[in-house]
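Visitor: Read top to bottom, the protein sequences are chains A, B, C and D. Residue 979 in the numbering used here sits at position 162 of the first sequence, with consecutive numbering throughout. Residue 914 in the numbering used here sits at position 97 of the second sequence, with consecutive numbering throughout. Residue 1105 in the numbering used here sits at position 288 of the third sequence, with consecutive numbering throughout. Residue 1067 in the numbering used here sits at position 250 of the fourth sequence, with consecutive numbering throughout. First, the structure itself, so that you have it in front of you.
Protein chains: 4
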Amino acid sequence: MRTMKAAVFIRPGKIALEDRPIPTAGPGEALMRITTTTICGTDIHILKGEYPVAPGRIIGHEPVGVIADLGPGVTGYDIGQRVVVGAITPCGQCHPCLDGHQSQCGGKAAGGWRFGNTIDGSQAEYMLVPNAMANLEAIPEGLSDEQVLMCPDIMSTGFGGAESGGIKIGDMVVIFAQGPIGLCATAGAKLKGASLIIAVDGVSSRLEVAKRLGADVTIDYTKTDPVAEIMRLTEGRGVDVAIEALGTQQTFESCLRVLKPGGTLSSLGVYSGKLTMPLEAFAAGLGDHKIVTTLCPGGKERMRRLLNVVASGRVDLKPMVTHRFKLADIEQAYDFFGNQRDGVLKVAITP
Amino acid sequence: MRTMKAAVFIRPGKIALEDRPIPTAGPGEALMRITTTTICGTDIHILKGEYPVAPGRIIGHEPVGVIADLGPGVTGYDIGQRVVVGAITPCGQCHPCLDGHQSQCGGKAAGGWRFGNTIDGSQAEYMLVPNAMANLEAIPEGLSDEQVLMCPDIMSTGFGGAESGGIKIGDMVVIFAQGPIGLCATAGAKLKGASLIIAVDGVSSRLEVAKRLGADVTIDYTKTDPVAEIMRLTEGRGVDVAIEALGTQQTFESCLRVLKPGGTLSSLGVYSGKLTMPLEAFAAGLGDHKIVTTLCPGGKERMRRLLNVVASGRVDLKPMVTHRFKLADIEQAYDFFGNQRDGVLKVAITP
Amino acid sequence: MRTMKAAVFIRPGKIALEDRPIPTAGPGEALMRITTTTICGTDIHILKGEYPVAPGRIIGHEPVGVIADLGPGVTGYDIGQRVVVGAITPCGQCHPCLDGHQSQCGGKAAGGWRFGNTIDGSQAEYMLVPNAMANLEAIPEGLSDEQVLMCPDIMSTGFGGAESGGIKIGDMVVIFAQGPIGLCATAGAKLKGASLIIAVDGVSSRLEVAKRLGADVTIDYTKTDPVAEIMRLTEGRGVDVAIEALGTQQTFESCLRVLKPGGTLSSLGVYSGKLTMPLEAFAAGLGDHKIVTTLCPGGKERMRRLLNVVASGRVDLKPMVTHRFKLADIEQAYDFFGNQRDGVLKVAITP
Amino acid sequence: MRTMKAAVFIRPGKIALEDRPIPTAGPGEALMRITTTTICGTDIHILKGEYPVAPGRIIGHEPVGVIADLGPGVTGYDIGQRVVVGAITPCGQCHPCLDGHQSQCGGKAAGGWRFGNTIDGSQAEYMLVPNAMANLEAIPEGLSDEQVLMCPDIMSTGFGGAESGGIKIGDMVVIFAQGPIGLCATAGAKLKGASLIIAVDGVSSRLEVAKRLGADVTIDYTKTDPVAEIMRLTEGRGVDVAIEALGTQQTFESCLRVLKPGGTLSSLGVYSGKLTMPLEAFAAGLGDHKIVTTLCPGGKERMRRLLNVVASGRVDLKPMVTHRFKLADIEQAYDFFGNQRDGVLKVAITP
């Protein structure tokens, strides 16, 4: 039996590289040889035991690679083709998928998120892709792995925040937190036609990247009260759309505090602990506010669109890949990324 | 100077009938002679001091009547015409109004709500209508005052909850609380094509009215756990849209607990105290949930549509008027309505 | 080899009952035993040679029946289960399906329409269902075949016309032509909350059915000029939504002539010959008009919703089944239906 | 009586500079001193007698200037303030305006278009602004007249074409015709996140500007068949959105021919003569196509948004002002612009 290296969740606090058999593609599946993958903030939650995953699970959900094999019934693809697969892999055929809720595939909350969660993931030499015909998307010629590495999750999620917020031409938008997802939300806000984009974070290097990706104004919350400053910048009006990209009471609440009546809070964060609605900012429910949440849109049509955005040069997210590691050194990469050393944004992992 | 009788907010705990001068219509205004009005749950909040209103304010925001006079610049109407005016009176000309946020007129939260709040209201013999050309709507021939008495607020708000929820043909919908607004939301859910409408309340007479207005199933929460029962009725799937029509932690939370991933919580209640998000039901922000709030849509176009719904016979809300009082007896009416005596739903007040 | 009876398109002018082998379910497919089916206006176009279909094709696209067999990989269903399948059978996994254009499956115009078009159809004892997991929907207990016979096409298409038109509560709507699809559009307009529904046709029995399904006003165009009458009924305003349910220059043009500026023409008809835009009614392109076309939405989620509407009793389309035939007599049924004898609306065909 | 110079429509073929009394602001109106205006393609239609306007009408509908006086009841503005007013001046208070159809103000097709059509326009030293409170928008500090001169019409219309088309991130879009409106539609497509923007015209200098404004690919239809080339560029898929910016059978038809099933034709052109639907490209009505028309959105909220886009630097339309004339020379400017001499795109006219 041929084996491969894979990053496996052992127990809270421990992810280790192990040898695993290379899996075989069953009906409707594809076997993908991973050429580049990365680590997500969610993986750190898993590592810390904050998000429960079965011990023994290969983690990772951001795959770039090559089709190694196609299971029975999978047509329209060639072995050897370079492909991207989204972090979320909808089946396309269940009731929620057919109703437009592909991330909620199967009807369970976040049901479309399988890789590194309910099935083995991408931090390995090989990975099985379920519902392959709905999920494999060929990479346009001329694009490198690193250029498309943000497509499966970060870019899809961040753009999704801008899209779900319903940003219109001429909107004023704030994005709270400029980690990888917040940065992509900033880029998404620009792509959607916002005329004033305000990025908030406490790390100056991230605010610098935010500027390059579309922020008109940046606010370092360690130096300036963002709520007061945003109200000043919008002349007391508030923003049309506030994007939450962290998942804390503080940022959620700040979003509502700077939101105009009739505005939309587009939430991307994963919340833990307790989340309380600031009733005064929420106008006790009378402000025609909307709060929308978005789980990373997946499926091959989504990937096609994002790849086209990359290919067009509209957005260049390559600068987000700040560091590179071999799969063999993934434990070190976790330590590095998890502790946000050396201004890391995203790491590229290559088997 | 001619005077009139009017219900005036004196101080928390005290609303009294007083003599007031009949006002004069300024530019853009109309003077309306009230023929029928009613008391809203919000007025009870004002009475109790839970919603702050300036002492001396004439309260009430649900006017049916006759045009008594037209101020300079108001054209297209005749003195003596029977009209309805919405509880919310948008100017139509400010930035938020032109942007589609008419209830948030002027850009202040709930800024479109003026009657009995920031200007004198309808529990009087006469009332000034601001921005008359955007707000006066003629009553179609053949409709009685009581038939249209729900249009200014209750019907507009309740239907608004169904509309903002984005109810589609074949949706499963629950409405928590069957007071006047919840009942109208139930009627609205039917008008929007829901195929399963579940109404929840603890008062059996209200659940009876809910059935007449469109509920397929009613749940008396004093006897049955609504969350478990709704999950059973939807075969574990959850509802597409949950409408909150009370404004409590309990009902808000129950809405989220029965909502499918990807579903919409449409909130109509006015919250006080504290509101906490149940993170597990909210899927920690990963469930593609939407929470939308709706303040009673107003303006004459909205009134025209609601009047047409009444005229068409699609919905008959007359049974909601359960009791009648003279304006002279309004203090008694407040006591009666405020304490929900005798199965009261709405009272008709006639000067 | 076991054989079955099937209605086969031989050549323009000739559909004949033939013996055919009962097919075998391949991967992803299901074999359905048809218990009831019907004839569509489109089948008449095929019969007349107006819509091209390969000679030898079994026609029909409105199947009600029982699962006879499941091909490899089809899970979640039981043999013997009563099911409905839509006329349109999306795969759920191609780019257009994942992008929400399921009727345009594969990216070819009307690509989701396979039965009786590009693959064998339902006017037979057995039929193969492609992409079975995206298309088989169980019939709720207690519903008869005839109660659900309109779901696969007529009801889905007619309701689709009301949905695509974006009908809002209080809208004024006209539906031109009250054949089976127009009648379902009338029912759909009511389900969506229209307050004035005007049905136009030249056959009084159809106008009678229209009234039962929701029309407030009917216009017999052989006696009254519909354009003038609709403008009178709407007091010169025009309708918000005009639904075209025939596919002729005359009805298309009349829709535009009675449409308000900013209104929507929702087109369901299949046009042949020539279609010219009446530029004056179209305001030369300055009227903010929308023209939307809708091909019958399919897939099991759509069927689930329609079945729920039937089960809820909101709409009763059983009266539309006016005549019944045995599959053995289908040639006679074609003659009967094609020539609209005896006030026929839809015929039920049972093998 | 003080007089002013104004460009007056005399009769088909004749627009002349005349002396006219400076008008006085009535209730709700403002008097605007024009500092810069321009000529629109529509004005050329008026000149040629192709669009009927009353003889004696001062034409022009693209005003930039200064508030000279405020009529009774107009508050919130200062005399001397620099302002822009849209070509379309909604009242904000009629039923269509309150229903979101501001360009169709009053319910007549194109009813919101008043300047240089039903009331005197901007090609003069002074102009009255109706419904001033809904229409006057202050120019942000630091922006020149020429920078904002496209806001009243060209930019609002062109962007409107992209908005009505519902362009999503990653869409493929074509814009047929690259006159001033088509160029702005090209810029709008980029603002909305299209990943492939194809601009078609026959004038190479316009295609050059198109590239600067966002076109990824340009097609000179005098050299290349645009339909074949677009199908090649989209790999046979067709575009998601096709914008028509001319108003001819040829461009309308080409839009449909390159449109994917389920796609949207967003029409901006003003059609004359005859317009026929190419039924095969229209899939006989079965392709889930949408055709939407857009009349220049107006009102001060729209102007505020466009001014913010200009101020943000997202789009720079100043290069579109290719020539400058004094109001005294406007007859010459008409000749120049009407005959498209010297690569003219837009002319700035200053009194």
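We put the CB at the ideal spot given by N, CA and C, even for glycine.
Count the other CB atoms within 10 Å of the CB of T820 (chain B); is the residue buried (16 or more) or exposed (fewer)?
Guide: One-based indexing of the second sequence puts residue 820 (chain B) at position 3. Answer is exposed; the Cβ neighbour count stays below 16.
Visitor: When the Cα atoms are used, what is the spatial distance from H918 (chain B) to G1079 (chain A)?
Guide: As a working note, residue 918 (chain B) is residue 101 in the second sequence. As a working note, residue 1079 (chain A) is residue 262 in the first sequence. Each residue's alpha carbon lies about 6 Å from the other.
Visitor: Report the CB separation of G975 (chain C) from A949 (chain C) in whole angstroms; it is logged as a contact under 8 Å.
Guide: Reading the third sequence from its first residue, position 158 is the one you call residue 975 (chain C). Reading the third sequence from its first residue, position 132 is the one you call residue 949 (chain C). Rounded, the Cβ-Cβ distance is 26 Å, inconsistent with contact.
Visitor: Based on DSSP bridge pairs, tell me the residues matched to M1048 (chain B).
Guide: Position 231 of the second sequence, counted from the first residue, corresponds to residue 1048 (chain B). DSSP lists no partner for M1048 (chain B).
Visitor: Under a Cβ-count criterion, where at least 16 other Cβ atoms within 10 Å of its own Cβ denotes burial, should R931 (chain B) be classed as buried or exposed?
Guide: Here the question's residue 931 (chain B) lines up with position 114 in the second sequence. Buried.
Visitor: Should the stretch 882-902 of chain B be regarded as contacting the stretch 866-874 of chain B, the criterion being three or more beta carbon pairs within less than 8 Å?
Guide: Touching, no.
Visitor: With L1024 (chain B) as the anchor, note down where its beta strand (DSSP E) starts and where it stops.
Guide: Position 207 of the second sequence, counted from the start, is the residue given in the question as residue 1024 (chain B). Here L1024 (chain B) belongs to no beta strand (DSSP E); instead the alpha helix (DSSP H) covers 1021-1030.
Visitor: Please return the same chain residues whose Cβ sits closer than 6 Å to the Cβ of G866 (chain B), not counting the five positions on each side in sequence.
Guide: Your numbering for residue 866 (chain B) matches position 49 in the second sequence. Within the same chain, G866 (chain B) has close Cβ partners P829.
Visitor: The alpha helix (DSSP H) spanning K1007 (chain C) covers which residue range?
Guide: Position 190 of the third sequence, counted from the first residue, corresponds to residue 1007 (chain C). Here the alpha helix (DSSP H) through K1007 (chain C) covers 997-1008.
Visitor: Per DSSP, what are the beta-bridge partners of I1060 (chain B) in this structure?
Guide: For this step, residue 1060 (chain B) is matched to residue 243 along the second sequence. DSSP, once it has assigned bridges, lists B:I992, B:S1083 as partnering I1060 (chain B).
Visitor: Considering only their Cβ atoms, is the gap separating G933 (chain A) from G877 (chain A) smaller than 8 Å?
Guide: Position 60 of the first sequence, counting from 1, holds the residue named residue 877 (chain A). Position 116 of the first sequence, counting from 1, holds the residue named residue 933 (chain A). For G877 (chain A) and G933 (chain A), yes; Cβs fall inside 8 Å.
Visitor: D1033 (chain C) touches chain B at which residues, Cβ-Cβ below 7 Å?
Guide: Sequence index remark: in the third sequence, residue 1033 (chain C) carries index 216 (1-based). Within 7 Å Cβ-Cβ: S1129.
Visitor: Starting from A842 (chain C), follow the beta strand (DSSP E) in both directions and report where the run begins and ends.
Guide: Numbered from its first residue, the third sequence carries residue 842 (chain C) at position 25. Neither: A842 (chain C) is in no beta strand (DSSP E) and is coded neither H nor E.
Visitor: Does any residue of chain A bring its CB to less than 8 Å from the CB of S1089 (chain B)?
Guide: Within the second sequence, numbered from 1, the residue matching residue 1089 (chain B) stands at position 272. Taking Cβ atoms only, chain A reaches closer than 8 Å to S1089 (chain B), which makes this a yes.
Visitor: The beta strand (DSSP E) with L1092 (chain B) in it runs from where to where?
Guide: Along the second sequence, one-based indexing puts residue 1092 (chain B) at 275. Its beta strand (DSSP E) spans residues 1092-1094.
Visitor: Given a cut-off of 8 Å, decide if T1093 (chain B) and L1096 (chain A) are closer than it, judged by their beta-carbon atoms.
Guide: Your numbering for residue 1096 (chain A) matches position 279 in the first sequence. Your numbering for residue 1093 (chain B) matches position 276 in the second sequence. No; because the gap between Cβ atoms is not below 8 Å, this pair is not in contact.
Visitor: DSSP puts H1140 (chain A) in a beta bridge; with which residues?
Guide: Here residue 1140 (chain A) is taken as the residue at index 323 of the first sequence, counted from 1. Note: H1140 (chain A) sits in a beta bridge opposite A:V1164.
Visitor: Hey, is G897 (chain A)'s beta-carbon within less than 8 Å of any beta-carbon in chain D?
Guide: Position 80 of the first sequence, counting from 1, holds the residue named residue 897 (chain A). So no, G897 (chain A) is outside the interface.
Visitor: Below 7 Å on C-beta distance, what does V1197 (chain A) contact in chain D?
Guide: Outside the displayed span of chain A (818 to 1168) sits residue 1197 (chain A), for which this structure offers no information.
Visitor: What residues in its chain sit with their C-beta under 8 Å from that of Y1038 (chain C), if we drop five residues either side in the sequence?
Guide: The residue given as residue 1038 (chain C) occupies position 221 in the third sequence. Once the five neighbours on either side are set aside, the close Cβ partners of Y1038 (chain C) are V1017, D1018, G1019.
Visitor: Which residue or residues does DSSP assign as beta-bridge partners of A941 (chain B)?
Guide: Residue 941 (chain B) sits at position 124 when you count from the first residue of the second sequence. Partner(s): B:A823.
Visitor: Mind checking whether G1031 (chain D) and K1007 (chain D) have CB atoms under 8 Å apart?
Guide: The residue you call residue 1031 (chain D) lines up with position 214 of the fourth sequence. The residue you call residue 1007 (chain D) lines up with position 190 of the fourth sequence. Yes, these two residues count as a Cβ contact at 8 Å.
Visitor: May I ask you to list, following chain order, the residues of the stretch 931-959 of chain C that have a beta carbon less than 8 Å from some beta carbon of chain A?
Guide: Answer set for the stretch 931-959 of chain C: N948, M950, A951.
Visitor: Would you check if the distance between the CB atom of I896 (chain D) and the CB atom of I884 (chain D) is smaller than 8 Å?
Guide: On the fourth sequence, residue 896 (chain D) is found 79 positions in, with the first residue counted as 1. On the fourth sequence, residue 884 (chain D) is found 67 positions in, with the first residue counted as 1. Yes, they are a contact pair.
Visitor: Just curious, the alpha helix (DSSP H) that K1117 (chain D) is in, first and last residue?
Guide: Taking the first residue of the fourth sequence as 1, we reach residue 1117 (chain D) at position 300. Run containing K1117 (chain D): 1117-1129, per the alpha helix (DSSP H) assignment.
Visitor: Tell me, please, which residues DSSP counts as bridged to T1110 (chain C).
Guide: Translated into the one-based positions of the third sequence, residue 1110 (chain C) becomes position 293. DSSP lists C:S1084 as partners of T1110 (chain C).
Visitor: Closest to G882 (chain D) by CA distance: which of D:K1028, D:I1108, D:C968 is it?
Guide: The residue given as residue 882 (chain D) occupies position 65 in the fourth sequence. Nearest of D:K1028, D:I1108, D:C968 to G882 (chain D), Cα basis: D:C968.
Visitor: So, do the stretch 1112-1122 of chain B and the stretch 991-1005 of chain C have three or more beta carbon pairs nearer to each other than 8 Å?
Guide: They do not touch, by the three-pair rule.
Visitor: Along the stretch 986-1009 of chain B, where does the CB come closer than 9 Å to a CB of chain C? Name the residues.
Guide: Per Cβ criterion, the list reads I986, G987, D988, M989, G1005, K1007, L1008, K1009.
Visitor: Could you name the residues of the stretch 1064-1088 of chain B whose beta carbon sits closer than 8 Å to any beta carbon of chain F, in the order they occur along the chain?
Guide: Looking at the structure shown, chain F is missing, and the protein chains on hand are A, B, C and D.
Visitor: Check whether the stretch 1144-1163 of chain B and the stretch 936-956 of chain D are in contact - that is, three or more C-beta pairs closer than 8 Å.
Guide: With the cut-off at 8 Å, the stretch 1144-1163 of chain B and the stretch 936-956 of chain D do not touch.
Visitor: Here's the rule I'm using: 16 or more other beta-carbon atoms within 10 Å means buried, otherwise exposed. How should Q964 (chain C) be labelled?
Guide: Position 147 of the third sequence, counted from the start, is the residue given in the question as residue 964 (chain C). Buried.
Visitor: Residues in its own chain within less than 6 Å of L1162 (chain D) by CB, not counting five upstream and five downstream?
Guide: Position 345 of the fourth sequence, counted from the start, is the residue given in the question as residue 1162 (chain D). These residues qualify, in order along the chain: P997, M1137, T1139.
Visitor: Return the Cβ separation of A1145 (chain C) and K822 (chain C) in integer angstroms, given the expectation that the two are a contact with Cβ distance under 8 Å.
Guide: Here residue 1145 (chain C) is taken as the residue at index 328 of the third sequence, counted from 1. Here residue 822 (chain C) is taken as the residue at index 5 of the third sequence, counted from 1. A1145 (chain C) to K822 (chain C), Cβ: 7 Å. Contact.
Visitor: Output the distance between the C-alpha atoms of I839 (chain B) and M944 (chain B), rounded to the nearest integer angstrom.
Guide: Taking the first residue of the second sequence as 1, we reach residue 839 (chain B) at position 22. Taking the first residue of the second sequence as 1, we reach residue 944 (chain B) at position 127. Those two C-alpha atoms are separated by around 8 Å.
Visitor: When you compare each of C:L848, C:G959, C:M972, C:C908 to G938 (chain C) by their alpha carbons, which one comes out closest?
Guide: Mapped onto the third sequence, residue 938 (chain C) falls at position 121. When only C-alpha atoms are compared, the closest one is C:L848.
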